[in-house]
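Colleague: In the numbering used here, the protein residues as written are 78 to 494. Even for Gly, the Cβ is constructed at its ideal location relative to N, Cα and C.
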Ligand code: AMP
Ligand code: GLY
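(1) Measuring only the C-alpha atoms, how far is residue 333 from residue 190?
(2) Check the C-beta distance from residue 308 over to residue 489 and give it rounded, since I have them as a contact under 8 angstroms.
(3) Excluding sequence positions up to five away, which residues of its chain have a Cβ less than 6 angstroms from the Cβ of residue 231?
(4) In whole angstroms, give me the CA-to-CA distance for residue 420 and residue 87.
(5) Which runs of the alpha helix (DSSP H) at least 4 residues long sit entirely within the region 379–451? Give them in chain order.
(6) Between the region 406–413 and the region 479–486, do at least 3 Cβ pairs fall closer than 8 angstroms?
(7) Tell me the residue span of the alpha helix (DSSP H) that contains residue 164.
(8) Can you give me the C-alpha to C-alpha distance between residue 89 and residue 315, rounded to a whole angstrom?
(9) Under the rule that 16 or more other beta-carbon atoms within 10 Å means buried, what is residue 300, buried or exposed?
(10) In the DSSP assignment, find the unbroken beta strand (DSSP E) run with residue 277 in it and report its ends.
(11) Who sits around the ligand AMP, taking every residue whose Cβ is closer than 5 angstroms to one of its heavy atoms?
(12) So if DSSP puts residue 484 in a beta bridge, which residue, or which two residues, is it bridged to?
(13) Three Cβ pairs or more, each shorter than 8 angstroms: is that satisfied between the region 381–400 and the region 272–285?
(14) Of the choices 112, 323, 118, 111, whose alpha-carbon is the least far from that of residue 95?
(15) To the nearest angstrom, report how far apart residue 371 and residue 262 are at their CA atoms.
(16) Can you tell me whether residue 150 is helix, strand or coil according to DSSP?
(17) Taking contact to mean at least 3 C-beta pairs separated by less than 8 angstroms, is the region 362–371 in contact with the region 200–212?
(18) Does the Cβ of residue 80 have 16 or more other Cβ atoms within 10 Å, making it buried, or fewer, making it exposed?
(19) Do residue 162 and residue 223 have their C-beta atoms within less than 8 angstroms of each other?
(20) What first and last residue would you give for the alpha helix (DSSP H) that runs through residue 95?
(21) Can the beta-carbon of residue 486 be found less than 8 angstroms from the beta-carbon of residue 247?
(22) Relative to the ligand GLY, is the shortest distance from any of its heavy atoms to the C-beta of residue 160 smaller than 7 angstroms?
(23) DSSP three-state call for residue 469: helix, strand or coil?
(24) Contact defined as beta carbons within less than 8 angstroms: I believe residue 285 pairs with residue 400. What is the distance between those atoms, to the nearest angstrom?
(25) Buried or exposed: residue 148, going by 16 or more other Cβ atoms within 10 Å of its Cβ?
(26) Would you tell me roughly how many angstroms separate the C-alpha atoms of residue 258 and residue 212, rounded to the nearest one?
(27) So the alpha helix (DSSP H) residue 185 belongs to, where does it begin and stop?
(28) Alpha helix (DSSP H) containing residue 345: first to last residue?
(29) Specify the secondary structure class of residue 494 as computed by DSSP and reduced to three states.
(30) Could you work out which residue in 438, 452, 465 is closest to residue 112 when comparing CA atoms only?
(31) Could you pull out every residue in the same chain whose Cβ sits closer than 8 angstroms to the Cβ of residue 192, ignoring the five residues on either side in sequence?
(32) Please state the DSSP three-state secondary structure of residue 81.
(33) Determine the DSSP secondary structure at residue 70, reduced to helix, strand or coil.
(34) Here's the rule: buried if 16 or more other CB atoms are within 10 angstroms of the residue's CB, otherwise exposed. What is residue 146?
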C-alpha cells in the first residue's frame with residue numbers, strides 16, 4: 078500500500094513509526110512531515126491545511142490511503158474531499174469533526190443525550206455573559222467555541238478574571254472568530270484522563286488510557302501548552318470506572334453522533350475528569366492527541382493498517398486489538414520560551430545515541446544536521462514493567478539529548494493524583 082500521512086508533529090512521527098512496522102505499507106509519505114519523519118517516510122512540502130494541494134497530490138500519486146492526523150484539515154473537510162475524489166481516507170468527515178471545532182455544538186450534544194459534563198451556558202453577547210457571571214461563583218471556566226490550539230480555555234479564579242477573559246475573547250477577539258461564542262462552565266475537580274477510541278461510525282473501541290501534562294512547568298505551574306509529556310496507563314481504573322466510561326460516555330457519544338447524521342469514523346478523543354460524581358467529559362477532540370499518541374502507539378501489537386481499514390469499513394468490533402503489557406512514558410523537550418516566543422535553528426545532539434525511541438516534532442534537517450524548528454521539539458519514549466521504570470528510562474534518554482535553551486518538565490508521570 079502507498080500511504081500518505083498528513084501532519085508534522087510528534088504525533089505524526091508516532092503514526093508513521095507504527096505504519097512503517099506494517100508489512101502492508103510499501104511506500105510511506107508525509108505532508109509536510111519533519112526532520113525525524115524524514116528518516117522513515119518521504120516528506121512532501123505541502124502544509125496540512127493546503128487541502129486542494131493534498132487532494133491533487135494523493136490523486137496524482139494514486140495513493141491507497143491518506144491518514145489525516147490534525148484537527149484543522151479535518152475541520153476543513155479534507156477527508157470528505159479525498160473520498161469525493163475516490164481516495165480512501167482515515168479520519169472523520171467535517172460534519173463529525175465538529176465535536177472539536179465547536180465546543181458549543183459538543184456541549185449541546187452532551188446535554189441532549191445526557192452525557193455527563195460540566196454544567197454550562199453559551200453566550201454570543203458580552204453584556205449577557207457579564208450579567209450571567211454576576212450570578213455565579215469562582216472558580217469558573219471560560220472557553221471560546223472554536224479551534225484555538227488548546228489555548229482558548231481560561232480557569233478564572235475570580236469573577237473579575239472571568240469577565241476579563243470574556244472581554245478578551247468577545248470584544249478584543251484574542252482568538253479571532255473562535256471567540257465569537259463563549260462557553261461559561263462549572264469548574265470540575267478531579268484527576269484528568271485521556272481515553273482515545275477507534276470509531277467506525279457505529280461502534281467505538283477504547284485504546285489504553287493515558288494522562289497528558291498540559292502545563293509548561295513542574296507541579297502543574299506555568300501556562301497551558303499542547304502537552305509536555307504523557308504516560309500510559311493514565312490511571313488505575315477500577316472495572317466499574319471503565320464500564321461507566323464506556324456505557325455513560327463513549328457509547329452514548331457514538332450513538333448520538335450517528336443519530337444526528339454525523340457518524341464518527343476515525344479516532345475520537347475523550348478528555349475526561351474523574352469527579353466525585355463519576356467520570357465527566359472535559360472535551361472531545363476529533364483525532365489522536367499529542368503527546369498521548371507517542372505514549373500509546375508503541376504499545377500497539379495489532380497491525381495498525383488492519384485497525385485503520387476496520388474503522389473505514391465499519392467493522393472495528395471484529396478486530397481483536399492487542400496492547401503490549403507494559404507501562405509507558407514520553408517526556409517532551411521544548412524550546413526555551415515555549416509556549417510563548419522562542420528561537421529556532423539550534424542544533425540537537427544525542428537523538429541517535431540516547432538509546433531510546435525518540436519522536437520528533439519541531440525539527441528539521443539542515444546541512445545534514447537536525448535543528449530545532451518549533452516549540453515542542455521532540456519527545457523521548459520508554460516503557461517498563463512499572464510506570465516508574467518507564468519514567469526513569471524516558472528521563473535517562475532526555476539526559477543524553479541536548480540543544481540550546483531546551484526545557485522540559487521533570488515530573489512527568491510523577492504527579493498522578
Ligand atoms: P480543554 O481545551 O477544553 O481540554 O481545556 C484545557 C484544560 O482546561 C483541560 O485539560 C482542563 O485541565 C481544564 N479544564 C477545561 N474545562 C474544565 C472544567 N470545566 N473544569 C475544570 N478544568 C477544566
Ligand atoms: N494533548 C492534548 C491534545 O492533543 O489536544
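Modeller: In short:
(1) Going from the Cα of residue 333 to the Cα of residue 190 covers about 7 angstroms.
(2) That pair is a contact at about 7 angstroms.
(3) Exclusion of the five residues before and after residue 231 leaves 219, 242 as the residues of its chain whose Cβ lies within less than 6 angstroms of its Cβ.
(4) Whole-angstrom Cα-Cα distance: 19 angstroms.
(5) The qualifying runs are 381–390.
(6) Contact holds: three or more Cβ-Cβ distances are below 8 angstroms.
(7) In the DSSP assignment, residue 164 falls outside any alpha helix (DSSP H), carrying neither H nor E.
(8) One Cα belongs to residue 89, the other to residue 315, and the distance between them is close to 31 angstroms.
(9) By the 16-neighbour rule on beta-carbons within 10 angstroms, residue 300 is exposed.
(10) Per DSSP, the continuous beta strand (DSSP E) segment holding residue 277 begins and ends at 269–277.
(11) Taken from the N-terminal end onward, the list reads 195, 218, 230, 262, 264, 265, 348, 359, 360.
(12) DSSP lists 411 as the bridge partner or partners of residue 484.
(13) Touching, yes.
(14) Among 112, 323, 118, 111, the Cα nearest to that of residue 95 is on 118.
(15) CA-CA distance, residue 371 to residue 262, rounds to 31 angstroms.
(16) DSSP places residue 150 in helix when its eight states are reduced to three.
(17) The region 362–371 vs the region 200–212: no contact.
(18) It is buried - the Cβ of residue 80 has at least 16 other Cβ atoms within 10 Å.
(19) No, Cβ-Cβ distance for residue 162 and residue 223 is not below 8 angstroms.
(20) Counting along the chain, the alpha helix (DSSP H) containing residue 95 begins and ends at 87–97.
(21) Their beta carbons are not under 8 angstroms apart, which means residue 486 does not touch residue 247 by this criterion.
(22) No, Cβ of residue 160 sits at least 7 angstroms from all heavy atoms of the ligand GLY.
(23) Three-state result, residue 469: helix.
(24) The pair is a contact, with the Cβ atoms about 5 angstroms apart (cut-off 8 angstroms).
(25) Burial of residue 148 is indicated by the presence of at least 16 other C-beta atoms within 10 angstroms of its C-beta.
(26) Answer to the nearest angstrom: the Cα atoms are 19 angstroms apart.
(27) 180–189 is the span of the alpha helix (DSSP H), which, as asked, contains residue 185.
(28) Annotation for residue 345: no alpha helix (DSSP H) segment contains it, though the beta strand (DSSP E) segment containing it runs 342–352.
(29) Confidence at residue 494 is low in this model, with a pLDDT of 47, below 50, so its placement is unreliable and the value that follows should be read with caution. The answer is coil: DSSP assigns residue 494 none of H, G, I, E or B.
(30) Nearest C-alpha to residue 112: 438.
(31) Closer than 8 angstroms at the Cβ level, and outside the excluded window around residue 192, lie 186, 325, 326, 329, 330, 333, 358.
(32) Residue 81: strand per DSSP, three-state reduction.
(33) Summary: the structure shown does not reach residue 70, with the chain confined to residues 78 through 494, and so no result is reported for it.
(34) Buried.
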